Amino acid sequence: MVKTCIDLLKREGELFLSTINKNPRSWITAIVGAEYLFNILPKGTHEFNKFIKPSVLGSYLRDGSAKLIETKGMFYNPLTHKAKLTDDLGVNYLMYAKKT
Numbered sequence: 047m048v049k050t051c052i053d054l055l056k057r058e059g060e061l062f063l064s065t066i067n068k069n070p071r072s073w074i075t076a077i078v079g080a081e082y083l084f085n086i087l088p089k090g091t092h093e094f095n096k097f098i099k100p101s102v103l104g105s106y107l108r109d110g111s112a113k114l115i116e117t118k119g120m121f122y123n124p125l126t127h128k129a130k131l132t133d134d135l136g137v138n139y140l141m142y143a144k145k146t
């Protein structure tokens, strides 16, 4: 699917991706926390088998002829309903790439 998105871009086109890392911390945070403890999202919203490590997503970008420009983590505070960019890719993260 990443390659299809890249193929649809013009040369030098930009691609922004947002997803969830695949690790025990992201399972606890995104599924247990967001769906069951804080009830921010409906139960069953996330499927852990669809989470993806940044290194894997980065390789999909390279394989699809895109250059990864920047990767940032995103922290969401369920108590204040505020989000901010961070250097921590442990749960939510974003990638910015350009078609080469």
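Per this note's numbering, residue 47 is the first one in the sequence shown, and the count goes up by one each step.
Just so it is clear, CB atoms sit at the ideal spot from N, CA and C, and this is done for glycine as well.
Just so we're clear, the structure is a prediction, and the values are computed from it rather than from any experiment.
Under DSSP, residue 122 shares a beta bridge with 129. Residue 116 is bridged by DSSP to 142. A distance below 8 Å between beta-carbons, with the five flanking residues on each side excluded, links residue 88 to the following residues of its chain, in chain order: 81.
Listed in chain order, the non-local C-beta contacts of residue 71 below 8 Å within the same chain comprise 136 and 137, local neighbours out to five positions each way being set aside. Annotation: the continuous beta strand (DSSP E) that includes residue 61 extends over 60-66. The residue among 76, 133, 145 and 62 with its C-alpha nearest the C-alpha of residue 94 is 76. Between the alpha carbons of residue 130 and residue 115 lies a gap of roughly 19 Å. Across the structure, residue 132 and residue 117 are spaced so that their CA atoms are roughly 10 Å apart.
Residue nearest to residue 65 within the set 59, 56 and 103 is 103 (criterion: CA-CA distance).
Sequence-distant Cβ neighbours of residue 134 in its own chain, meaning closer than 8 Å and more than five residues away, are 119 and 121.
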